[in-house]
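Student: Take this structure first; my questions come after.
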Ligand code: ADP
Ligand code: MG
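Residue numbers (my numbering): 25 to 295.
And the structure:
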């Protein structure tokens, strides 16, 4: 599934993809992010966990330029041909439209509620970004979309509309749409939490394959068993700050902070 310029498996060099420092965000008087630092290396999978309202979605949206932090910096490395040169944004200074567009181009989001365009076919949903935003040749974008659909078992849904698909199928299209942008970083915001339980597996299966292929990703999820299986690092947030971070097995099985312990315990009891 990896495009030609996608991260390679067994990458010999450990290269940084993203470095975020001191991200801060308030909505009015509601401070939702404080001092958020995130480092992601190429091929690394980071699971972002935490209670509802802790700021997880705002972190992803900030990394993707959908939300503009009030302060802090985001730096993307310019590591391979597709990424071109590096990108560094200081949100403490005035940030221009071009910078935001450049930031948006570095990562791609997979949303909790899929966010497919309802009036467009599956194919059109997938090629919209590559053709309209990235100005890629349409024939090339279609060929790539078909290849990716085939890969997630949805080749026959090419001309279907979102309402004709199950939630699991829609989310697999959502993933293909993100992959088609050939981003440096994939961002998943609770990709399975809107799905009926019997459809969760097919989506987690695709994400697991992407991890094995070496994609660099941040996954917000409540699926702790899955997180432990695919993530290299787990970051636990609460109240807009990072409370604890570390290797997945350590944070999930032997958390050090009281708040992490409570959260992990509660989620494990729920399942
Ligand atoms: P999570 O994804 O962990 O549930 P969010 O990042 O969605 O948390 O939200 C963190 C906090 O920011 C919440 O208090 C939420 O109400 C608030 N918030 C998020 N987006 C907005 C917005 N666009 N306007 C005002 N408040 C917001
Ligand atoms: Mg959220």
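For every residue, glycine included, the Cβ atom is placed at its ideal position computed from N, Cα and C.
Under 9 Å, Cβ to Cβ, is there at least one residue of chain C near residue 165?
Tutor: Considering every chain present, this structure includes no chain C. It has just one protein chain.
Student: DSSP on residue 285, reduced to helix/strand/coil?
Tutor: Position 261 of the chain shown, counted from the first residue, corresponds to residue 285. Three-state result, residue 285: helix.
Student: Counting Cβ pairs closer than 8 Å, one from the stretch 46 to 56 and one from the stretch 221 to 237, do we hit at least three?
Tutor: The stretch 46 to 56 vs the stretch 221 to 237: no contact.
Student: Excluding the five sequence neighbours on either side, which residues of its own chain have a C-beta within less than 7 Å of the C-beta of residue 291, listed in chain order?
Tutor: Translated into positions along the chain shown, residue 291 becomes position 267. So the list reads 246, 248, once near-sequence residues are dropped.
Student: With DSSP collapsed to three states, give me the class of residue 49.
Tutor: Translated into positions along the chain shown, residue 49 becomes position 25. Residue state, collapsed to three classes: strand.
Student: Specify, as a first and last residue, the run of the alpha helix (DSSP H) that residue 122 falls within.
Tutor: Looking up residue 122 in the chain shown gives position 98. Element bounds for residue 122: 121 to 128.
Student: Look at residue 132 and residue 258 and say whether their C-beta atoms are less than 9 Å apart.
Tutor: By one-based count along the chain shown, residue 132 stands at place 108. By one-based count along the chain shown, residue 258 stands at place 234. No, these two residues do not count as a Cβ contact at 9 Å.
Student: Return yes when the Cβ of residue 90 is within less than 9 Å of the Cβ of residue 208, no when it is not.
Tutor: The residue you call residue 208 lines up with position 184 of the chain shown. The residue you call residue 90 lines up with position 66 of the chain shown. No, Cβ-Cβ distance for residue 208 and residue 90 is not below 9 Å.
Student: Look at the Cβ atom of residue 232, then the Cβ atom of residue 197, and state whether they are nearer than 9 Å.
Tutor: Locating residue 232 in the chain shown gives position 208, counting from the first residue. Locating residue 197 in the chain shown gives position 173, counting from the first residue. Cβ atoms of residue 232 and residue 197: not closer than 9 Å.
Student: Rounded to a whole number of angstroms, what is the C-alpha to C-alpha distance between residue 73 and residue 83?
Tutor: Taking the first residue of the chain shown as position 1, residue 73 is located at position 49. Taking the first residue of the chain shown as position 1, residue 83 is located at position 59. Rounded to whole angstroms, residue 73 to residue 83 spans 11 Å at the Cα level.
Student: Who are the near neighbours of residue 187 in its chain, counting only those whose CB is closer than 8 Å to its CB and skipping five residues on each side?
Tutor: On the chain shown, residue 187 is found 163 positions in, with the first residue counted as 1. Within the same chain, residue 187 has close Cβ partners 142.
Student: Where DSSP assigns a beta bridge to residue 269, which residues make up the other side?
Tutor: Against the chain shown, residue 269 aligns to sequence position 245. Beta-bridge pairing links residue 269 to 259.
Student: Just reading off the alpha helix (DSSP H) that residue 179 is part of, what are its end residues?
Tutor: On the chain shown, position 155 is the one that residue 179 refers to. It is not in any alpha helix (DSSP H) - residue 179 carries neither H nor E in the DSSP assignment.
Student: For residue 210 and residue 202, which I take to be in contact (beta-carbon distance under 8 Å), what is that distance rounded to the nearest angstrom?
Tutor: As a working mapping, residue 210 is identified with position 186 in the chain shown. As a working mapping, residue 202 is identified with position 178 in the chain shown. About 6 Å; that satisfies the 8 Å criterion.
Student: Mind reading off the beta-carbon distance from residue 79 to residue 261? Whole number of angstroms is fine, and I expect it under 8 Å.
Tutor: By 1-based counting over the chain shown, the position of residue 79 is 55. By 1-based counting over the chain shown, the position of residue 261 is 237. Contact flag correct, Cβ pair sits at about 6 Å.
Student: Can you have a look at residue 180 and say buried or exposed, based on whether 16 or more other CB atoms are within 10 angstroms of its CB?
Tutor: The count along the chain shown starts at 1 and reaches residue 180 at position 156. The residue in question, residue 180, is exposed, as its Cβ has fewer than 16 Cβ neighbours within 10 Å.
Student: When the distance is taken between beta carbons, is residue 98 closer than 9 Å to residue 115?
Tutor: What you label residue 115 is simply residue 91 of the chain shown in a count that begins at 1. What you label residue 98 is simply residue 74 of the chain shown in a count that begins at 1. Cβ atoms of residue 115 and residue 98: closer than 9 Å.
Student: Which residues does DSSP pair with residue 241 in a beta bridge?
Tutor: For the purposes of this step, residue 241 is identified with residue 217 of the chain shown, where counting begins at 1. Answer is 69, 210.
Student: At the level of alpha carbons, what is the spacing between residue 127 and residue 138?
Tutor: Mapped onto the chain shown, residue 127 falls at position 103. Mapped onto the chain shown, residue 138 falls at position 114. Straight-line Cα distance between these residues: approximately 21 Å.
Student: Starting from the C-beta of residue 148, find all residues in its chain whose C-beta is less than 8 Å away, skip the five residues before and the five after it, and write them out in chain order.
Tutor: For the purposes of this step, residue 148 is taken as residue 124 along the chain shown, with counting starting at 1. Once the five neighbours on either side are set aside, the close Cβ partners of residue 148 are 141.
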